[in-house]
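Just so you know, the sequences run in chain order A and B.
The first sequence begins at 1 in the working numbering and counts up by one.
The second sequence begins at 1 in the working numbering and counts up by one.
Here a beta-carbon is modelled for each residue, glycine too, at the ideal position from N, C-alpha and C.
Quick caveat, the model's predicted, so the values are computed rather than measured.
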Amino acid sequence: MSVDEGTDSLVRAALGGDREAFGSLVERNWNRLVRLARSVVGELEAEDAVQDGLVAAWGRLATLAQPERFDAWVSRIVFRRCLRASRRQRGRVSLEAVPETATTCDPEVSLSAWQLLSRLAPQQRAVLHLTVVEGMTDAEIAPLLAITPASVRSHRRRARESVTRLLQGGKP
Amino acid sequence: MIAKEPTDQLLSFEDDLRDWGARPPRTPASVARTRVTARLPLAREPIPWLRLAASAALVVVLVVATWLGAPRAGREGTAFVHGESPPPVDPNVVVWVVDTRTTVYFVLGADGFAKGGMS
Chain A
1 MSVDEGTDSL
11 VRAALGGDRE
21 AFGSLVERNW
31 NRLVRLARSV
41 VGELEAEDAV
51 QDGLVAAWGR
61 LATLAQPERF
71 DAWVSRIVFR
81 RCLRASRRQR
91 GRVSLEAVPE
101 TATTCDPEVS
111 LSAWQLLSRL
121 APQQRAVLHL
131 TVVEGMTDAE
141 IAPLLAITPA
151 SVRSHRRRAR
161 ESVTRLLQGG
171 KP
Chain B
1 MIAKEPTDQL
11 LSFEDDLRDW
21 GARPPRTPAS
31 VARTRVTARL
41 PLAREPIPWL
51 RLAASAALVV
61 VLVVATWLGA
71 PRAGREGTAF
81 VHGESPPPVD
91 PNVVVWVVDT
101 RTTVYFVLGA
111 DGFAKGGMS
């Protein structure tokens, strides 16, 4: 993830209580965070999880040691929210009950992608998303999920094995 | 047995995932900005050392307030103890001075019980 030059000054302004500066940070990170959250918790809960995470981030801004690392820091907060939401979902929502209302691409494609993704562990979903959708390297993914690059590789390998098994009609 | 190399199926799935995952959010970023900033509390969560300092200051204030509020000799209500006599009462009356502002009179005797009253 590239470190934006303006992020640092926006974070410092937000630390001083500038809500508009924080708003700019929200706007810059929104799409990326929702895409990540959607791959971990699905369409329905993704935006709520990101909003909650961003509000929590505002409250904890003083604990951010390196303002230039805001993007990774806020991703970790949102990812933790998603993990919690995912635990709540487990056993509550059946696969068929997950509505996919995407209109910008083939609904069958959406369904199959989420259907398979939702059968994986949340960490595996996140790693697969960041690798495949965002095109990030292991070194970039690791700080976002607060794991090591070796764990990133391990999650991705297991995710791909599970998907392959599922595609062949087996269990994850 | 699982293939070591990604299968065509897996590659196809990853293409689908790329399409599905790259869709823009339903809420545009500018709208999300407004919603999130509207939810921000006015005061941020205080950092731990600030919370500790606030707790210490509160303890100091409580100690001082307790000390200032405590009844001391030479202040209001000490007239009963030093100098002046308590107000004259009948021998069958017990006076209980709770504090400088509260005095409770217990009236002993059959009359009180007979009348069923309280003093």
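By the 10 Å Cβ neighbour count, where 16 or more other Cβ atoms means buried, how is residue i classified, buried or exposed?
i, result
"A/R38", "buried"
"B/G83", "With a pLDDT of 49 at B/G83, under the threshold of 50, the modelled position of this residue cannot be trusted; read the value that follows with caution. Flag for B/G83 reads exposed."
"B/A79", "Only weak support exists for where B/A79 lies, its pLDDT of 46 falling under 50; the value from the coordinates is given anyway. So B/A79 ends up on the exposed side."
"A/E43", "buried"
"A/G23", "buried"
"A/V40", "buried"
"B/L11", "exposed"
"A/W58", "buried"
"B/D99", "exposed"
"A/V152", "buried"
"A/A150", "exposed"
"A/L114", "Correcting the residue type first, residue 114 of chain A is Trp in the shown sequence and not Leu. Looking at its Cβ environment, which holds 16 or more other Cβ atoms inside 10 Å, A/W114 is buried."
"A/G53", "buried"
"B/F106", "exposed"
"B/A32", "buried"
"A/Q124", "buried"
"A/V74", "buried"
"B/V60", "exposed"
"B/V63", "exposed"
"A/V78", "buried"
Nearest chain A C-beta to residue i closer than 8 Å, yes or no?
i, result
"B/A53", "no"
"B/L11", "no"
"B/W67", "no"
"B/V36", "yes"
"B/D16", "yes"
"B/A56", "no"
"B/T7", "yes"
"B/T102", "no"
"B/W20", "yes"
"B/L62", "no"
"B/Y105", "no"
Against chain B, does residue i count as a neighbour if the rule is that its beta carbon must be under 8 Å from one of theirs?
i, result
"A/L117", "yes"
"A/F22", "yes"
"A/G59", "yes"
"A/T164", "yes"
"A/E47", "yes"
"A/Q51", "yes"
"A/L167", "yes"
"A/A113", "yes"
"A/S39", "yes"
"A/L64", "no"
"A/H194", "Since the first residue of chain A shown is 1 and the last is 172, residue 194 of chain A is not available in this structure."
"A/L54", "yes"
"A/L128", "yes"
"A/R158", "no"
"A/W30", "yes"
"A/V34", "yes"
"A/R12", "no"
"A/V132", "yes"
"A/R19", "yes"
Just to confirm, is the Cβ distance from residue i to residue j under 8 Å?
i, j, result
"A/S162", "A/L120", "yes"
"A/P143", "A/C82", "no"
"B/G21", "A/V11", "no"
"A/V55", "A/L33", "no"
"B/L17", "A/L117", "yes"
"A/N31", "B/P41", "no"
"A/F178", "A/L130", "Within the shown structure, residues of chain A are numbered from 1 to 172, placing residue 178 of chain A beyond reach of any answer."
"B/Q9", "A/L167", "yes"
"A/E68", "A/T7", "yes"
"A/L36", "A/A159", "no"
"B/S30", "A/E27", "yes"
"A/L128", "A/A62", "no"
"B/G69", "B/N92", "no"
"A/R19", "B/T34", "no"
"B/V95", "B/V89", "yes"
"A/T164", "B/T7", "yes"
With DSSP as the reference, please indicate the residues paired to residue i in a beta bridge.
i, result
"A/D71", "Answer is none; A/D71 lacks a bridge partner."
"B/V95", "B/Y105"
Consider the Cβ of residue i: report whether some Cβ of chain C lies at a distance smaller than 8 Å.
i, result
"A/E27", "Checking the listed chains, one finds no chain C in this structure; the protein chains it contains are A and B."
Is residue i close to the ligand PLP? I mean its beta-carbon at under 7 Å from any heavy atom of the ligand.
i, result
"B/V89", "The model on display carries no ligand, and the ligand PLP is accordingly not part of it."
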